[in-house]
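> Protein sequences appear in the order of chains A and B.
So the first sequence is numbered by the numbering used here: it starts at 1 and just counts up by one.
So the second sequence is numbered by the numbering used here: it starts at 405 and just counts up by one.
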Amino acid sequence: MEPLDLDLESTEVELPVEPMLVNVGPSHPAMHGTVRCVMELSGESIERVDVQVGFLHRGFEKMCERGTWTQVFPYVDRCNYVSPMLNNVGFALACEKMLGIEVPLRCQYYRMVLGELARMSDHLTCDGAMSMELGAFTPFLWMVKARDLIWDIMEEETGARLTHSFGRVGGMAKPPTDGFKEHVRAVVKQVLSILAECERLLLGNRIFLDRLEGVGIISSEDAISLGWTGPCLRAAGVPYDVRKAQPYLKYAEVDFDVPVGTNSDCLDRFLVRIAEMKQCARIIEQCLERMPDHGAVNVDDPRVVLPEKDEVYSTIEATIQHFKIVMEGLKLPAGEVYSYTEGGNGELGFYLVSDGSGTPYRVRIRPPCFLVTAGLERIITGQMVADVVPCFGSLNMIGGECDR
Amino acid sequence: MPTFLLDDREIEFNPGDTVIAAAERAGVDIPHYCWHPGLSTAANCRMCLVEVLPPEGRPALLLDVLRYDDQKGDYVMARKPKLQPACQLGAAPGMRIKSQTSEHAVEARAAVQEFLLLNHPVDCPICDQAGECRLQDYWLEHSGKKKRMKDEILHRPKAVDFGPTIVYDAERCIVCTRCVRFCDEVVGDHVLDKRERGNLGEIVLAPGRQLDHDYTLMTEHVCPVGALTAKDFRFKARVWFLRSVRSVCQGCATGCNAYTDYDPRNQTVYRHRPRENQEVNKYWMCDEGVLDYRRVHEGRLLNARVLGKKSSTEDALSEATARLAPVAKDKVAILLSYSHSSEDNLALLELARALGVEQAYAAGRPDGSGDKILRHVDKNPNRAGVHQLAAATLGAVPLDFQSLVRAVEAGRIGAILALGSAVEDAEAAVHLKRVPVVSISTFEGPLAQAGAVVLPASSWAEERGTFVNAAGLSQVSEKAIEPQGESLPAWRHVLALAGRLGVTLPFARAKDLEKVLNARAPRGSTGPASQPAAGVSTTEAQA
Chain A
1 MEPLDLDLES TEVELPVEPM LVNVGPSHPA MHGTVRCVME LSGESIERVD
51 VQVGFLHRGF EKMCERGTWT QVFPYVDRCN YVSPMLNNVG FALACEKMLG
101 IEVPLRCQYY RMVLGELARM SDHLTCDGAM SMELGAFTPF LWMVKARDLI
151 WDIMEEETGA RLTHSFGRVG GMAKPPTDGF KEHVRAVVKQ VLSILAECER
201 LLLGNRIFLD RLEGVGIISS EDAISLGWTG PCLRAAGVPY DVRKAQPYLK
251 YAEVDFDVPV GTNSDCLDRF LVRIAEMKQC ARIIEQCLER MPDHGAVNVD
301 DPRVVLPEKD EVYSTIEATI QHFKIVMEGL KLPAGEVYSY TEGGNGELGF
351 YLVSDGSGTP YRVRIRPPCF LVTAGLERII TGQMVADVVP CFGSLNMIGG
401 ECDR
Chain B
405 MPTFLLDDRE IEFNPGDTVI AAAERAGVDI PHYCWHPGLS TAANCRMCLV
455 EVLPPEGRPA LLLDVLRYDD QKGDYVMARK PKLQPACQLG AAPGMRIKSQ
505 TSEHAVEARA AVQEFLLLNH PVDCPICDQA GECRLQDYWL EHSGKKKRMK
555 DEILHRPKAV DFGPTIVYDA ERCIVCTRCV RFCDEVVGDH VLDKRERGNL
605 GEIVLAPGRQ LDHDYTLMTE HVCPVGALTA KDFRFKARVW FLRSVRSVCQ
655 GCATGCNAYT DYDPRNQTVY RHRPRENQEV NKYWMCDEGV LDYRRVHEGR
705 LLNARVLGKK SSTEDALSEA TARLAPVAKD KVAILLSYSH SSEDNLALLE
755 LARALGVEQA YAAGRPDGSG DKILRHVDKN PNRAGVHQLA AATLGAVPLD
805 FQSLVRAVEA GRIGAILALG SAVEDAEAAV HLKRVPVVSI STFEGPLAQA
855 GAVVLPASSW AEERGTFVNA AGLSQVSEKA IEPQGESLPA WRHVLALAGR
905 LGVTLPFARA KDLEKVLNAR APRGSTGPAS QPAAGVSTTE AQA
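1) Check the Cβ of Leu544 (chain B) against every Cβ in chain A and list those closer than 8 angstroms, keeping chain order.
2) Could you name the residues of the same chain whose beta carbon sits closer than 7 angstroms to that of Asp411 (chain B), not counting the 5 residues immediately before and after it, in chain order?
3) Would you kindly work out how many angstroms separate the C-alpha atoms of Thr943 (chain B) and Leu711 (chain B), rounded to a whole number?
4) Hey, Pro840 (chain B) and Ala819 (chain B): beta-carbon distance below 8 angstroms or not?
5) Compute the Euclidean distance between the alpha carbons of His791 (chain B) and Glu624 (chain B), then round it to the nearest angstrom.
6) CA-CA distance, Asn873 (chain B) and Gly774 (chain B)?
7) Using a Cβ-Cβ cut-off of 7 angstroms (strictly less than) and excluding sequence neighbours within five positions of Met130 (chain A), which residues of its own chain qualify?
8) Have a look at Gly931 (chain B) and Ser716 (chain B) and give me their C-alpha separation to the nearest angstrom.
9) On the DSSP letters alone, give me the boundaries of the alpha helix (DSSP H) that Ile153 (chain A) sits inside.
10) Helix, strand or coil for Phe270 (chain A), going by three-state DSSP, please let me know.
11) Could you confirm whether any beta carbon from chain B is found closer than 8 angstroms to the beta carbon of Ser314 (chain A)?
12) Helix, strand or coil, according to DSSP, for Glu414 (chain B) in the structure here?
13) Among the residues of its own chain, which have a CB less than 8 angstroms from the CB of Ser45 (chain A), if the five just before and after it don't count?
14) Buried or exposed for Thr177 (chain A), going by 16 or more other Cβ atoms inside 10 Å?
15) Which stretch, first to last residue, makes up the alpha helix (DSSP H) that contains His32 (chain A)?
16) In terms of alpha-carbon separation, which member of B:Val857, B:Glu536 and B:Gly612 lies closest to Phe645 (chain B)?
17) Taking DSSP's pairing of strands, which residues face Ala275 (chain A) in a bridge?
18) What are the residues that DSSP puts in a beta bridge with Leu803 (chain B)?
19) Quick one: which chain A residues come within Cβ less than 8 angstroms of Ala514 (chain B)?
20) Can you confirm whether Gly431 (chain B), when its beta carbon is compared against all beta carbons of chain A, has any partner nearer than 8 angstroms?
21) Quick one: what's Tyr472 (chain B) bridged to in DSSP?
22) Could you confirm whether any beta carbon from chain B is found closer than 8 angstroms to the beta carbon of Met327 (chain A)?
23) Taking one C-beta from the region 163 to 177 of chain A and one from the region 107 to 120 of chain A each time, how about it: are there three or more such pairs within less than 8 angstroms?
24) By how many angstroms is the C-alpha of Leu443 (chain B) removed from the C-alpha of Arg779 (chain B)?
25) Would you verify that the beta carbon of Gln504 (chain B) is, or is not, closer than 8 angstroms to some beta carbon of chain A?
26) Quick one: using the 10 Å Cβ neighbour count with 16 as the cut-off for buried, is Val469 (chain B) buried or exposed?
27) Under DSSP, the beta strand (DSSP E) around Asn23 (chain A) begins and ends at which residues?
28) Does the CB of Glu133 (chain A) have a neighbour CB from chain B at under 8 angstroms?
29) Give me the Cα-Cα distance between Leu134 (chain A) and Asn205 (chain A), rounded to the nearest whole angstrom.
30) Within 8 angstroms of any Cβ in chain A, is that where the Cβ of Leu558 (chain B) sits?
31) Does the distance from the C-beta atom of Phe91 (chain A) to that of Val103 (chain A) stay below 8 angstroms?
32) Within 8 angstroms of any Cβ in chain A, is that where the Cβ of Lys915 (chain B) sits?
33) Which one of B:Lys919, B:Thr797 and B:Asp433 has the shortest CA to CA distance from His546 (chain B)?
34) For a contact defined as C-beta to C-beta under 9 angstroms, what are the partners of Gly630 (chain B) on chain A?
35) Can you tell me whether His322 (chain A) is helix, strand or coil according to DSSP?
36) Let me confirm a value: Ile361 (chain B) is counted as buried when at least 16 other C-beta atoms fall within 10 Å, else exposed. Which label applies?
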């Protein structure tokens with residue numbers, strides 16, 4: 001065997017003086033979803049960076065143009081797959097705005113509860129993954145445990161843990177289950193206690209705080225000009241929340257605060273999400289109190305809502321109704337609409353164009369993540385390589401939403 | 405033009421128009437079942453009821469009615485205007501009519517719809533009409549409510565055999581009598597009638613008769629619901645999977661306008677439907693024409709053949725060249741086809757001209773029976789077009805098939821390049837075999853039999869083509885499906901042959917061919933008035 005210790009003099013190590021190009025992604029364990037960062041390094045600090053998000057492209061907007069309006073729901077599920085219920089409700093509200101219909105009170109609260117649970121699951125995933133990537137594995141496991149409890153509710157209600165496809169134009173696929181309220185109350189309580197434990201674990205941890213504090217700062221002006229919304233914008237001190245600014249469903253009638261940050265760094269983004277989860281719990285409790293236990297969930301409009309199955313099999317009217325909605329699709333009046341809600345990561349907008357037929361003429365989504373991820377370049381330029389991890393994590397990029 | 409007001413919209417009308425006809429011309433749909441623009445007015449479905457406002461300063465005509473009051477839980481006296489059926493109401497200047505904006509008309513239509521569906525079976529999943537059924541459309545547009553009747557629905561005769569083409573279902577029938585009126589007024593055959601009233605009303609055949617005239621499938625076409633279904637189309641396809649192109653019927657020289665409905669997924673044509681054209685076929689087609697679509701998939705020649713053996717198109721083209729090239733140009737006979745489009749025939753005529761051939765021959769399907777309604781005795785869709793093009797290209801109307809047979813027998817022909825499948829005298833076609841025959845055929849038939857080399861041509865449904873009907877009207881039939889098997893549009897085969905024979909034609913693409921055709925026979929030109937009567941072709945002596 002050849003000796004391992006080579007002659008040192010002949011292999012003199014030279015420190016590089018040229019900037020080094022480092023490529024991370026598009027398929028890399030540190031990248032959530034397919035995104036690619038080409039970084040130009042000087043030593044360990046990032047001189048320039050090029051963030052490329054176009055790697056995930058399913059042509060989701062184009063796919064919407066060949067089915068019915070109802071068949072869009074599975075697609076929006078897969079935009080933000082960590083909080084699909086918010087996307088479902090957002091899309092349903094856009095269609096309902098076009099039809100000029102409002103779902104019954106029971107359904108409005110039902111949508112709010114499921115939506116806030118989805119928001120909690122979104123934030124748990126983000127904060128959990130962020131801490132794990134910084135080496136804190138325990139909080140990740142605990143937060144994902146909490147998320148699983150929420151997903152148990154989703155499974156109970158919708159039959160699916162991840163991609164529910166539960167929203168419908170004019171209501172929901174099914175009414176709430178019998179034990180819905182007790183189940184939610186029990187889970188929210190557990191989630192809050194897990195959250196408190198995680199806070200104790202992390203917020204007293206010097207290493208964790210040092211990795212986040214003062215890292216990835218962005219000014220509120222920059223954040224606004226980049227089109228940031230949601231927790232990332234609120235961490236920059238701008239109290240913009242669609243639920244407060246343009247209340248939809250019954251958000252105007254429930255009491256909740258909009259937490260904002262002061263330093264606009266990674267720690268603020270982490271803390272804003274923690275605080276928002278507590279606000280979610282407040283909203284959920286108020287909604288559960290006010291949600292009627294009985295009554296219709298779907299609007300009484302044969303143009304949009306499917307009839308009961310046993311009636312489809314036994315009466316011609318219901319058969320026709322079913323036939324028209326399934327074979328031709330429910331018809332939205334010709335025109336266009338922009339409807340927006342507060343998604344997990346900010347303003348989730350749908351711009352719909354209908355030609356009056358049963359098939360969407362155009363579906364355009366304004367995904368919050370796409371615009372937030374566009375700011376990654378701004379916040380990591382000048383930082384150390386190691387800071388990319390918390391910065392990227394704190395933006396909570398969801399690949400499915402960056403489908404461009 | 406005088407006008408009246410319909411839902412605050414000004415509608416122009418011709419004196420004598422009904423309100424519904426004037427509205428339809430203006431693009432406003434007043435819902436209706438029994439009214440058909442091509443038939444007399446029956447006004448029995450009551451779906452087109454509208455409210456007519458009284459003239460200024462005059463009281464409305466009101467009826468006393470009992471209306472159920474939910475709060476009182478009892479019927480109370482009320483008044484409502486007398487509604488009028490728009491299909492029977494003559495339009496008058498300055499009339500003010502409320503259709504969708506009248507709460508009474510809307511209520512009446514919902515009630516009519518409830519009645520029509522009262523005893524309707526739950527048939528949509530197995531009904532051929534589903535997807536193009538007025539009951540479905542109007543229920544959602546004008547009712548949207550469940551019926552109030554709690555009783556079991558009345559069961560009626562189903563799948564009643566009305567004749568060789570039509571099956572009747574009394575449960576689905578709304579007794580609008582469109583089929584009865586069609587047979588009476590258009591065909592002049594009182595084979596259908598209605599019996600009983602109300603729930604029991606149904607359509608019946610005349611005693612001892614079957615629905616067997618030449619236009620039976622139009623009864624299915626006018627049926628607004630699934631009561632009459634065509635045996636040919638029953639359970640074959642679901643209409644929402646079908647796509648339509650505007651075509652021209654190939655069954656005879658009338659050239660009825662049609663829709664060819666096909667399934668793009670399996671490239672199969674499923675039916676013909678008439679397409680309105682007041683100049684040609686009004687709203688109708690005959691059974692022969694409706695069923696003519698079947699030829700797209702029946703008896704087709706899908707591969708090239710050399711001496712009766714399957715061959716590649718390339719080899720067949722070489723064989724065809726080997727047979728045509730050595731023959732003196734004046735001894736090549738060109739046989740045009742009355743069944744092919746003007747494009748195909750023009751390509752062949754251009755080849756003839758380039759080869760120096762001075763006289764062409766033409767053949768087509770033999771004559772059949774005709775009538776005074778639509779059916780023409782000439783069963784070829786493009787006789788007038790072929791004559792027109794031959795005269796414009798070679799300066800002479802083509803000679804008939806018998807002349808070709810005689811010329812072959814007299815030894816004046818060295819080889820034949822034939823387009824088409826059928827000839828007037830199928831038995832005489834064997835005489836062509838004395839000389840080498842190259843046939844470009846769509847179907848198995850006498851010409852394919854006689855051909856030493858046979859090239860597969862696509863049918864009219866597989867290529868856009870122009871056809872000139874007996875009245876001299878030039879019409880375009882659009883492409884529905886892709887060419888079947890190895891077949892190609894006939895003009896492409898002609899083009900390939902021309903290349904191998906060393907002559908250049910003035911077109912290489914479909915677009916150029918169309919330009920040449922438009923120059924030779926301007927579209928819309930009605931052709932010479934002295935068009936030879938159907939079935940009478942110019943004989944050699946006359947030429």
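Backbone N, C-alpha and C fix where the C-beta goes; we use that ideal spot for every residue, glycine too.
Please read these numbers as outputs of a predicted model, since none were measured by experiment.
So, to answer that:
1) Pro302, Arg303, Ile320, Gln321 and Lys324
2) Lys502, Ser503, Gln504 and Thr505
3) Confidence at Thr943 (chain B) is low in this model, with a pLDDT of 37, below 50, so its placement is unreliable and no value can be given for it.
4) yes
5) 37 angstroms
6) 15 angstroms
7) Phe270, Pro390, Gly393 and Ser394
8) With a pLDDT of 41 at Gly931 (chain B), under the threshold of 50, the modelled position of that residue is not reliable, and the figure given next carries that caveat. Rounded to the nearest angstrom, the two C-alpha atoms are 40 angstroms apart.
9) Phe137 to Thr158
10) helix
11) yes
12) strand
13) Gly382, Gln383, Met384 and Val385
14) exposed
15) It is not in any alpha helix (DSSP H) - His32 (chain A) carries neither H nor E in the DSSP assignment.
16) B:Glu536
17) In the DSSP output, where bridge partners are listed per residue, Ala275 (chain A) has none listed.
18) B:Tyr765
19) Result: empty, since nearest Cβ-Cβ is about 12 angstroms, beyond 8 angstroms.
20) no
21) B:Tyr479
22) yes
23) yes
24) 19 angstroms
25) no
26) exposed
27) Met20 to Val24
28) no
29) 12 angstroms
30) no
31) no
32) no
33) B:Asp433
34) Chain A residues near Gly630 (chain B): none, gap ~12 angstroms exceeds 9 angstroms.
35) helix
36) With chain B covering only 405 through 947, there is no way to say anything about residue 361 (chain B).
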